[in-house]
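Student:
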Amino acid sequence: MSGAAAGPRAAAASASQGAKERPSAARPRSAATLVVLALAALVAFSGFAALGVWQIERRAWKLDLIERVDARFHAAPVPAPGPAEWPQISAERDEYRRVRLDGAFLPGRETFVQAVTDLGAGFWALAPFRTRDGFTVLVNRGFVAADHRAEAAAPAAETSVAGLLRMTEPKGGFLRANDPATDTWRSRDVAAIAQARGLSDAAPYFVDADATPNPGGVPLGGLTVVAFRNSHLVYALTWFALAAMVLVGAAIVARGEIALRRRH
Numbered sequence: 100m101s102g103a104a105a106g107p108r109a110a111a112a113s114a115s116q117g118a119k120e121r122p123s124a125a126r127p128r129s130a131a132t133l134v135v136l137a138l139a140a141l142v143a144f145s146g147f148a149a150l151g152v153w154q155i156e157r158r159a160w161k162l163d164l165i166e167r168v169d170a171r172f173h174a175a176p177v178p179a180p181g182p183a184e185w186p187q188i189s190a191e192r193d194e195y196r197r198v199r200l201d202g203a204f205l206p207g208r209e210t211f212v213q214a215v216t217d218l219g220a221g222f223w224a225l226a227p228f229r230t231r232d233g234f235t236v237l238v239n240r241g242f243v244a245a246d247h248r249a250e251a252a253a254p255a256a257e258t259s260v261a262g263l264l265r266m267t268e269p270k271g272g273f274l275r276a277n278d279p280a281t282d283t284w285r286s287r288d289v290a291a292i293a294q295a296r297g298l299s300d301a302a303p304y305f306v307d308a309d310a311t312p313n314p315g316g317v318p319l320g321g322l323t324v325v326a327f328r329n330s331h332l333v334y335a336l337t338w339f340a341l342a343a344m345v346l347v348g349a350a351i352v353a354r355g356e357i358a359l360r361r362r363h
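For the sequence shown, the numbering used here gives the first residue as 100, with consecutive numbering after it.
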């Protein structure tokens, strides 16, 4: 019995002694590997931090834009920009500015652009407006349902129109281009519509008419949606969190390397 008991104890002692003599499987990384890891961590941290700062800057720009647009939206209407001002017009400076037009619509040259609003699917009714100053502006008179297009003809008498200056939409609708050949319009592309309607002196912008009622109630104006998505703070926090995770990961690796080198 003592010999049998001694056998397992001797085997266990021998295994323990062998484990002590075997080197640890985990070894410190080489200097070259550590340099590569440090450079990768530095690049990742710098990239994430830079993206976070960029989003903070974008947020400041967006807030300033929202404030300026809000001021334009609630200001008194000014005369629509004439040809001398057209080269300087930009979305950042002029879009959603309240303007006024005096003159008359050009009859028979309406353009119906496909639209989806809170009222359902239909069309924006665009009509060329000849100003008293001698230039032409496309006016989006408002929304009209498909079965009421015949009622959306612009009046020929002299009138005044107030609304919001909008920038042209030359790229068509979402994944859908305009087709002037078939008179199919999916975006308010001022240059293309002007060419199709024979307007040689059209302004490079259009005007969304306000909610002043049209004769017969068609089209329905004043449906412009002024909204700006502002998620830059969320994006910034995400990038900064990723940068912090890189630092934490680098600290864990460094701590592990120090511990391995102490054991060896």
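C-beta: ideal position from N, C-alpha, C; glycine also.
1. Determine which residues share a DSSP beta bridge with R230 and list them.
2. For P312, does the count of other Cβ atoms within 10 angstroms reach 16, so buried, or fall short, so exposed?
3. Three Cβ pairs or more, each shorter than 8 angstroms: is that satisfied between the stretch 213–227 and the stretch 245–265?
4. Look at the Cβ atom of A203, then the Cβ atom of R229, and state whether they are nearer than 7 angstroms.
5. Using only the alpha-carbon positions, how far apart do V142 and L322 sit?
6. Pop quiz: R287 and E268 are said to be a contact at Cβ under 8 angstroms. What is the actual Cβ separation, rounded to whole angstroms?
7. Cα separation between S299 and A326?
8. With a threshold of 16 other CB atoms inside 10 Å of the CB of Q187, please say whether the residue is buried or exposed.
9. In three-state terms, what does DSSP make of S259?
10. Identify every run of the alpha helix (DSSP H) within the stretch 269–310, keeping only runs that are complete inside it and at least 4 residues long; order them along the chain.
11. What residue range is occupied by the uninterrupted alpha helix (DSSP H) comprising F339?
12. Are the CB atoms of D193 and L237 nearer to each other than 7 angstroms?
13. Excluding the five sequence neighbours on either side, which residues of its own chain have a C-beta within less than 8 angstroms of the C-beta of L133, listed in chain order?
14. Sort out for me which residues DSSP pairs P176 with in a bridge.
15. Run the CB neighbour count on N329, radius 10 Å, all protein chains shown included, and call it buried at 16 or more, exposed below.
16. Once the 5 residues before and after R208 are set aside, which same chain residues still bring their CB inside 6 angstroms of it?
17. Any idea what DSSP makes of R328, helix, strand or coil?
18. Per DSSP, what are the beta-bridge partners of L225 in this structure?
19. Grouping DSSP H, G and I as helix and E and B as strand, with all else coil, what is G219?
20. Leaving out five residues before and five after F147 in sequence, what residues of the same chain have Cβ atoms less than 8 angstroms from its Cβ?
21. Following the continuous alpha helix (DSSP H) through R192, name the residue where it begins and the one where it ends.
22. My guess is that R197 and A179 are in contact by the Cβ rule of under 8 angstroms, so how many angstroms apart are they, rounded?
23. Using 7 angstroms as the threshold, is the C-beta distance between A291 and N277 below it?
24. To test your reading of the DSSP string, which unbroken alpha helix (DSSP H) runs of 4 or more residues are found completely within the stretch 130–183?
25. Considering only residues of the same chain and omitting the five flanking positions on each side of P303, which have a CB-CB separation below 7 angstroms?
26. Rounding to the nearest angstrom, what Cα-Cα distance links R231 and A244 in this structure?
Tutor: The relevant details are as follows:
1. As a working note, residue 230 is residue 131 in the sequence shown. In the sequence as displayed, the identity of residue 230 is Thr instead of Arg. Paired residues: G202.
2. Here residue 312 is taken as the residue at index 213 of the sequence shown, counted from 1. P312 comes out exposed.
3. yes
4. Taking the first residue of the sequence shown as 1, we reach residue 203 at position 104. Taking the first residue of the sequence shown as 1, we reach residue 229 at position 130. Yes, the Cβ-Cβ distance between A203 and R229 is below 7 angstroms.
5. Counting from 1 along the sequence shown, the entry for residue 142 is found at position 43. Counting from 1 along the sequence shown, the entry for residue 322 is found at position 223. Roughly 48 angstroms between the two C-alpha positions.
6. Stepping through the sequence shown from its first residue, residue 287 is reached at position 188. Stepping through the sequence shown from its first residue, residue 268 is reached at position 169. Correct: roughly 5 angstroms between the Cβ atoms.
7. Translated into positions along the sequence shown, residue 299 becomes position 200. Translated into positions along the sequence shown, residue 326 becomes position 227. S299 and A326: Cα-Cα distance of roughly 33 angstroms.
8. Locating residue 187 in the sequence shown gives position 88, where the first residue counts as 1. Exposed.
9. Stepping through the sequence shown from its first residue, residue 259 is reached at position 160. Strand, per DSSP.
10. 289–295
11. Residue 339 sits at position 240 when you count from the first residue of the sequence shown. Here the alpha helix (DSSP H) through F339 covers 331–362.
12. For the purposes of this step, residue 193 is identified with residue 94 of the sequence shown, where counting begins at 1. For the purposes of this step, residue 237 is identified with residue 138 of the sequence shown, where counting begins at 1. Against a cut-off of 7 angstroms, the Cβ pair of L237 and D193 comes out as no contact.
13. For the purposes of this step, residue 133 is identified with residue 34 of the sequence shown, where counting begins at 1. Contacts found: E356.
14. Against the sequence shown, residue 176 aligns to sequence position 77. BP columns for P176 are empty, so no partner.
15. In the sequence shown, residue 329 corresponds to position 230, counting from 1. Classification of N329: exposed, given that the 10 Å Cβ count is below 16.
16. Walking along the sequence shown from the start, residue 208 turns up at place 109. These residues qualify, in order along the chain: P227, R296.
17. The residue given as residue 328 occupies position 229 in the sequence shown. Residue state, collapsed to three classes: coil.
18. Counted from its first residue, the sequence shown places residue 225 at position 126. Looking at the DSSP assignment, L225 forms a beta bridge with T210, N239.
19. Sequence index remark: in the sequence shown, residue 219 carries index 120 (1-based). Strand at G219.
20. Along the sequence shown, one-based indexing puts residue 147 at 48. Correct list, in chain order: W338, F339, L341, A342, V345.
21. For the purposes of this step, residue 192 is taken as the residue at position 93 of the sequence shown. Looking at the DSSP string, the run of the alpha helix (DSSP H) that includes R192 is 190–193.
22. For this step, residue 197 is matched to residue 98 along the sequence shown. For this step, residue 179 is matched to residue 80 along the sequence shown. 10 angstroms between Cβ atoms; not a contact.
23. As a position in the sequence shown, residue 291 is number 192, starting the count at 1. As a position in the sequence shown, residue 277 is number 178, starting the count at 1. Yes; because the gap between Cβ atoms is below 7 angstroms, this pair is in contact.
24. 130–172
25. As a working mapping, residue 303 is identified with position 204 in the sequence shown. Around P303: W185, I188, T267, V289.
26. As a first step, residue 231 is located in the sequence shown; it is residue number 132 there, counting from the start. As a first step, residue 244 is located in the sequence shown; it is residue number 145 there, counting from the start. Cα to Cα, the separation comes out at about 31 angstroms.
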